[in-house]
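Engineer: So that we are looking at the same thing, I have put the structure below in structure tokens.
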Amino acid sequence: MRACAEGGGVVTPFHELLADPAFDMLQSLRVVAWDLGRLVRRPEPPTDWLHAIQHNDRAEARDYLEAWERALTLRSEVGSIVAMVALGDCGVQRGRSLLRRACVALRELGVTHEDVQRVIRRRAAESTQPSNQREAS
Numbered sequence: 725m726r727a728c729a730e731g732g733g734v735v736t737p738f739h740e741l742l743a744d745p746a747f748d749m750l751q752s753l754r755v756v757a758w759d760l761g762r763l764v765r766r767p768e769p770p771t772d773w774l775h776a777i778q779h780n781d782r783a784e785a786r787d788y789l790e791a792w793e794r795a796l797t798l799r800s801e802v803g804s805i806v807a808m809v810a811l812g813d814c815g816v817q818r819g820r821s822l823l824r825r826a827c828v829a830l831r832e833l834g835v836t837h838e839d840v841q842r843v844i845r846r847r848a849a850e851s852t853q854p855s856n857q858r859e860a861s
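Position 77 of the sequence shown, counting from 1, maps to 801 under our numbering, and the rest follow consecutively.
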């Protein structure tokens with residue numbers, strides 16, 4: 725285990741988190757996919773690119789816009805994965821693999837590992853509770 729750079733907590737790799745027996749059923753993966761999709765934020769257009777253009781720094785402006793384009797692409801990728809898994813258009817193994825890719829993309833989008841880890845662990849815990857306990861809460 726490694727110390728988490730964001731908050732000093734323990735970092736568990738995504739493949740280990742998603743290997744939890746709670747996710748042996750597609751329904752559990754569908755729910756966690758939906759929750760992970762909620763972590764996606766709409767990338768804001770870079771504000772510094774206008775400053776770069778005003779100072780005739782086209783290379784810097786291009787870098788800002790390429791980073792924004794990358795963020796939009798990642799957001800779209802996460803959305804596609806979430807939709808595919810949430811709709812049950814894949815099996816358990818494929819769903820786990822897709823969700824690992826979504827987790828990596830979320831990290832690249834700036835979502836902390838702790839936030840992703842918290843969502844997965846919460847859903848794993850809820851999936852292992854007997855159904856009558858879930859209904860009572």
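Each residue gets a CB set at the ideal place from its N, CA and C atoms; glycine is no exception. Values in this document were obtained by computation on a predicted structure and should not be read as measured data.
For residue 813, tell me which candidate among 744, 751, 747 has the shortest Cα-Cα distance.
Structural biologist: 751
Engineer: Are the CB atoms of residue 757 and residue 829 nearer to each other than 8 Å?
Structural biologist: Contact annotation: residue 757 and residue 829 have beta-carbon atoms that are not nearer than 8 Å.
Engineer: Here's the rule: buried if 16 or more other CB atoms are within 10 angstroms of the residue's CB, otherwise exposed. What is residue 841?
Structural biologist: Buried, because 16 or more other Cβ atoms sit within 10 Å of the Cβ of residue 841.
Engineer: With a 10 Å radius around its C-beta and 16 neighbouring C-beta atoms as the bar for buried, classify residue 846 as buried or exposed.
Structural biologist: exposed
Engineer: Can you tell which of 835, 742, 843 has the C-alpha that lies nearest to the C-alpha of residue 798?
Structural biologist: Ranking 835, 742, 843 by CA distance to the CA of residue 798 puts 835 first.
Engineer: Count the CB pairs spanning the stretch 784-804 and the stretch 762-773 that are closer than 8 Å, and state whether there are at least three.
Structural biologist: yes
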